[in-house]
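Visitor: In my numbering, the protein residues as written are 249 to 613.
Attaching a single structure in structure tokens format; questions to follow.
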Ligand SMILES: *Cc1c(COP(=O)(O)O)cnc(C)c1O
């Protein structure tokens, strides 16, 4: 059995440290706010390379608070990649804006810059960039567009803890960036968690207020906010896991390297392109496969778990029917029937990747 994700194995490898961390939080009753949250925020800001980290309840809240705090003009359009998880869209709508879906790049699957250019109107105020699958977006041309049209950039880094564009970590390029610490993400808590990162002091203040009832002190509320906070227990767990993140990422990169080598000449498979300017952190390893559904079933019978990110492009979801943006000729529609996420996590070693690759090669022969 080769699992897609193995959080139990990961926990076992760091059990003592995690158990001690959780115990400390409970002993000190540092449940909401407090020392452990502050420490993790500082560590994570330093790790990514930004001035401010505001931890929140989950990645979706982070996106919503981040967008809302930009105070975009009423009726603003926000460009969102059509090939993503629904959270990237939900947040734009809930913050009171209109989504305009964009197509994806044909080789690395991040947002298509040509399509961004086509979709910009006088109402476009922001772009949500998703560093999809762990591969950074092509930042230089995007920042050029943003500067030219005065468009704000929010980076959705839910897949991309530690990914780099030209040697600089993602999460440092936009007006603000969000991370998710959902358990299955590359840096995951033992429950929900998220964070907003920014170098902008005013935005940081606004985000921190919004996430904590608009307060500046216990009963002084500057605005109506909400309650979205990271627990002390989750923060302490994340501090332990952050120490291992780079080693786990190296393991993912090594697993991916083995796929590239072993599947290079496999007839039914198109491998994802990792651009030369990218440090890809392989949240998922997404190939395009001929007869995808049969291959998925075949691998499943061989005890190999796979997944699909994502089976239905966002403009095609029932939730977005009202937007009438399902353009049939978008490339996201072509790939959605072909993409398959192969196991690539740090729980796997070379032997596992060899077994998976040989099953895939066997299927096509
Ligand atoms: C997981 C995810 C989110 C949201 O994260 P949650 O913490 O689950 O709310 C946002 N964007 C993308 C692309 C994601 O994969």
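Quick reminder that beta carbons are idealized off the backbone N, C-alpha and C, glycines included.
Remember, it's a predicted structure, so these values are computed and weren't measured experimentally.
Measuring alpha carbon to alpha carbon, tell me which of 490, 546, 374 ends up nearest residue 343.
Guide: 374
Visitor: What do you reckon, are the CB atoms on residue 256 and residue 594 nearer than 9 Å?
Guide: no
Visitor: Pick from 439, 442, 471: whose alpha carbon is nearest that of residue 453?
Guide: 471
Visitor: Using the beta-carbon count (16 or more within 10 Å), is residue 572 buried or exposed?
Guide: exposed
Visitor: Can you give me the start and stop residues for the beta strand (DSSP E) that residue 389 sits inside?
Guide: Taken as a continuous stretch (DSSP letters only), residue 389 belongs to no beta strand (DSSP E), being part of the alpha helix (DSSP H) at 387-397.
Visitor: DSSP on residue 436, reduced to helix/strand/coil?
Guide: coil
Visitor: Between the Cα of residue 262 and the Cα atoms of 491, 357, 303, 309, which residue gives the shortest distance?
Guide: 491
Visitor: Given a cut-off of 9 Å, decide if residue 552 and residue 485 are closer than it, judged by their beta-carbon atoms.
Guide: no
Visitor: With C-beta atoms as the reference, is residue 434 less than 9 Å away from residue 391?
Guide: no
Visitor: Go ahead and label residue 540 buried or exposed: buried means 16 or more other beta carbons lie within 10 angstroms of its beta carbon, across all protein chains shown.
Guide: buried
Visitor: Starting from residue 652, trace the alpha helix (DSSP H) both ways and give me its first and last residue.
Guide: Lying outside 249 to 613, the shown extent of the chain, residue 652 is not represented and no answer is given.
Visitor: Applying the criterion that 16 or more other CB atoms from any shown protein chain within 10 Å of the CB defines a buried residue, is residue 467 buried or exposed?
Guide: exposed
Visitor: In whole angstroms, what separates the C-alpha of residue 396 from that of residue 424?
Guide: 18 Å
Visitor: Please state whether DSSP places residue 427 in a helix, a strand or coil.
Guide: strand
Visitor: For residue 400, collect the residues of the same chain with a Cβ closer than 8 Å to its Cβ; drop the 5 residues on either side in sequence, then sort them by chain order.
Guide: 318, 320, 373, 374, 375, 394, 422, 423
Visitor: What three-state label does DSSP hand residue 474 in the structure shown?
Guide: coil
Visitor: DSSP state of residue 301, grouped into three classes?
Guide: Residue 301: strand per DSSP, three-state reduction.
Visitor: Could you tell me if the beta carbon of residue 402 falls within a distance shorter than 8 Å of some heavy atom in ligand 1?
Guide: no
Visitor: Using 8 Å as the Cβ pair cut-off and three pairs as the minimum, do the stretch 427-445 and the stretch 408-415 touch?
Guide: The way I'd put it, the stretch 427-445 does touch the stretch 408-415; three or more beta-carbon pairs between them come closer than 8 Å.
Visitor: What does the alpha-carbon distance come out to for the pair residue 445 and residue 609?
Guide: Spanning the two alpha carbons is a distance of roughly 43 Å.
Visitor: Grab me the residues of residue 250's own chain with a C-beta within less than 8 Å of its C-beta, minus the 5 sequence neighbours each way, in chain order.
Guide: Closer than 8 Å at the Cβ level, and outside the excluded window around residue 250, lie 551, 552, 553, 591, 596, 600, 603, 604.
Visitor: Excluding the 5 residues flanking residue 480 on each side, which residues of the same chain have their C-beta closer than 7 Å to its C-beta?
Guide: The beta carbon of residue 480 sits closer than 7 Å to those of 273, 278, 279, 280, 282, 284, 285, all from its chain and outside the five residues before and after it, given in chain order.
Visitor: Where does residue 595 sit, in a helix, a strand or coil, going by DSSP?
Guide: coil
Visitor: When the distance is taken between beta carbons, is residue 561 closer than 9 Å to residue 584?
Guide: yes
Visitor: Under 9 Å, Cβ to Cβ, is there at least one residue of chain C near residue 312?
Guide: Annotation note: the requested chain C is absent from the structure, which comprises a single protein chain.
Visitor: If residue 340 and residue 361 are in contact, beta carbons under 8 Å, what's the gap, nearest whole angstrom?
Guide: About 19 Å separates the CB atoms of residue 340 and residue 361; that is not less than 8 Å, and the two are not in contact.
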